[in-house]
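Note that the sequence shown ends on residue 452 in my numbering; no numbers are left out. C-beta: ideal position from N, C-alpha, C; glycine also. The model shown is predicted, which means the values in this text are computed figures rather than measured ones.
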Amino acid sequence: MDFTNPLIYGVPCFLGLILLELTYSKTHDHKDLYNWRDLFSSVGMGLGSAVVAPLVKTITIILLFSFVYDFFNPMVDGVRTNIMGYESFGYAWYIWILCMLADDFSYYWFHRQNHMVRFFWAAHIVHHSSSNFNLGTAVRNGWFTIFYKPLFYVWIVVIGFPPEMLVVCLGIEALWQFQLHTVFIPKLGFVEKILNTHTMHQVHHACNIEYMDKNHGGFLNVFDRIFGTWKPLDESIDISYGVTKPPASYNLWVILTHEYSDIWRDMKKSKNLKHKFMYVFGPPGWSHDGSTKTVKQIRKEMALEHLNAIDENSPQPFGKKIRR
Numbered sequence: 129m130d131f132t133n134p135l136i137y138g139v140p141c142f143l144g145l146i147l148l149e150l151t152y153s154k155t156h157d158h159k160d161l162y163n164w165r166d167l168f169s170s171v172g173m174g175l176g177s178a179v180v181a182p183l184v185k186t187i188t189i190i191l192l193f194s195f196v197y198d199f200f201n202p203m204v205d206g207v208r209t210n211i212m213g214y215e216s217f218g219y220a221w222y223i224w225i226l227c228m229l230a231d232d233f234s235y236y237w238f239h240r241q242n243h244m245v246r247f248f249w250a251a252h253i254v255h256h257s258s259s260n261f262n263l264g265t266a267v268r269n270g271w272f273t274i275f276y277k278p279l280f281y282v283w284i285v286v287i288g289f290p291p292e293m294l295v296v297c298l299g300i301e302a303l304w305q306f307q308l309h310t311v312f313i314p315k316l317g318f319v320e321k322i323l324n325t326h327t328m329h330q331v332h333h334a335c336n337i338e339y340m341d342k343n344h345g346g347f348l349n350v351f352d353r354i355f356g357t358w359k360p361l362d363e364s365i366d367i368s369y370g371v372t373k374p375p376a377s378y379n380l381w382v383i384l385t386h387e388y389s390d391i392w393r394d395m396k397k398s399k400n401l402k403h404k405f406m407y408v409f410g411p412p413g414w415s416h417d418g419s420t421k422t423v424k425q426i427r428k429e430m431a432l433e434h435l436n437a438i439d440e441n442s443p444q445p446f447g448k449k450i451r452r
């Protein structure tokens with residue numbers, strides 16, 4: 129059975145919604161929501177991704193998903209049968225729901241690893257490199273994540289979901305992710321308990337230390353809640369969007385490659401092979417000499433400082449202070 133990727137119809141909608149939000153922001157009290165040069169860079173990145181992605185996805189579908197699906201789900205007496213012995217999945221409505229859940233689970237770990245492994249972060253940082261949060265930022269996608277993203281999803285076709293079903297689910301996921309990039313949708317009440325919403329994605333794009341590396345979910349927030357990365361929007365916190373070390377350029381090539389350059393520069397700081405490995409595959413911010421720190425290390429230091437401040441300002445028995 130053949131299906132069309134929903135993104136084919138989504139791209140014109142993307143451009144139309146960006147234009148609508150841009151017009152609304154400039155005619156109302158949100159004139160600083162869009163920066164023209166930043167928008168052109170984002171759209172340029174999106175157009176480049178639109179050229180690269182179909183080529184890579186075609187190769188992925190033909191050479192990876194289809195090959196793996198056929199290998200693990202061969203035809204047996206005219207019926208697709210998984211090597212584990214059960215009949216491969218069909219196209220019933222509940223199978224679609226299961227495939228979307230599998231897709232969302234994979235998206236969570238793909239997205240989370242983009243923030244936890246610096247080599248992946250070097251590709252993903254492109255999407256976070258703008259200090260603006262708007263629908264234009266939604267299309268500011270790096271071109272290199274496309275090369276390794278399928279590896280996080282291949283297990284879905286291994287267990288018996290048809291490749292074309294997975295491709296449709298990937299398209300639906302991308303459509304949902306696009307519309308999350310707006311500040312004009314408030315908290316949605318009960319929906320916030322289930323779905324990954326616009327305010328949650330604002331948290332994800334913030335570079336405030338209390339918000340960093342949170343809310344990696346696709347269309348659900350259940351996996352963030354299960355694995356400890358969920359964070360609701362605190363409206364008392366003034367959000368700063370972007371990254372702690374932005375590329376400081378609107379040049380597309382600089383935006384695409386600046387983190388790779390930083391990795392190479394950091395690798396030359398030490399001759400130790402373990403240090404070089406960690407600069408590439410360790411968490412962003414890791415350093416062998418403590419000159420830069422990871423988000424986890426910064427939060428730990430802040431927690432200790434907060435605890436020490438409480439100790440200093442709270443009258444306690446002398447013996448208790450010694451023990452602490």
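- Thr327: member of the alpha helix (DSSP H) spanning 326-333, first to last residue.
- Per DSSP, Trp392 is one residue of the alpha helix (DSSP H) stretching across 380-395.
- Per the Cβ contact rule, the segment 213-227 is not in contact with the segment 300-309 (fewer than 3 Cβ pairs under 8 Å).
- Counting along the chain, Trp358 sits inside no alpha helix (DSSP H), nor does DSSP assign it H or E at all.
- Per the C-alpha coordinates, the member of Leu323, Ile354, His332, Phe272 positioned closest to Trp381 is Phe272.
- For the pair Phe351 and Phe233, the CB atoms are nearer than the 8 Å cut-off.
- Taking a 10 Å sphere around the C-beta of Cys227, we find 16 or more other C-beta atoms and assign the residue as buried.
- Fully enclosed alpha helix (DSSP H) runs of no fewer than 4 residues occupy 164-187, 194-200 of the segment 145-230, in order along the chain.
- Per DSSP, Ala376 lies in no alpha helix (DSSP H) and is assigned neither H nor E.
- Leu348 is bridged by DSSP to Leu323.
- Counting along the chain, Arg268 sits inside no alpha helix (DSSP H), nor does DSSP assign it H or E at all.
- Setting aside the 5 residues that flank it on each side, Cys297 is surrounded in the same chain by Cys227, Met228, Asp231, each with a C-beta closer than 7 Å to its C-beta; the list follows chain order.
- Rounded to the nearest whole angstrom, the C-alpha separation of Ser194 and Gly299 is 17 Å.
- When C-alpha distances from Phe199 are compared across Glu433, Pro290, Trp392, Met340, the shortest belongs to Pro290.
- The closest CA to that of Gln241, considering only Glu338, Leu432, His344, Asn324, is found on His344.
- Going by C-alpha positions, Pro140 is about 12 Å away from Leu175.
- Counting every other CB atom within 10 Å of its CB across the protein chains shown gives Phe312 a total below 16, marking it as exposed.
- Within the same chain, and ignoring the five residues on either side of Val285 in sequence, the residues whose Cβ sits closer than 7 Å to its Cβ are Phe193, Val196, Tyr197, Pro291, Leu294.
- Straight through space, the alpha carbons of Leu263 and Leu167 are spaced by roughly 9 Å.
- Bridge partners of Tyr369 according to DSSP: Ala334.
- The C-beta distance from Phe142 to Val254 rounds to 17 Å, too long to fall under 8 Å, and the pair is not in contact.
- Secondary structure of Tyr281 (DSSP, three-state): coil.
- Distance from the CA atom of Lys396 to the CA atom of Phe248, rounded to whole angstroms, is 19 Å.
- With respect to the C-alpha of Ser364, the residue from Asn336, Ser389, Asp394 having the closest C-alpha is Asn336.
- By the Cβ criterion, the segment 151-162 is not in contact with the segment 354-374, since fewer than three pairs of Cβ atoms, one from each stretch, lie closer than 8 Å.
- Looking at Asp390, Tyr369, Lys424, the one whose alpha-carbon comes closest to that of Ala250 is Asp390.
- By the criterion of a C-beta distance shorter than 6 Å, Asn201 is surrounded in its chain by Arg208, Asn210, Ser216, Gly288, once the five residues flanking it on both sides are discounted.
- Here Tyr162 is near Leu150, since their CB atoms are less than 8 Å apart.
- Taking the C-beta atoms as reference points, Gly346 is found no nearer than 8 Å to Tyr214.
- Asp394 places its beta carbon less than 8 Å from that of Tyr407.
- For the 8 Å CB-CB criterion, Lys315 and Thr327 form a contact.
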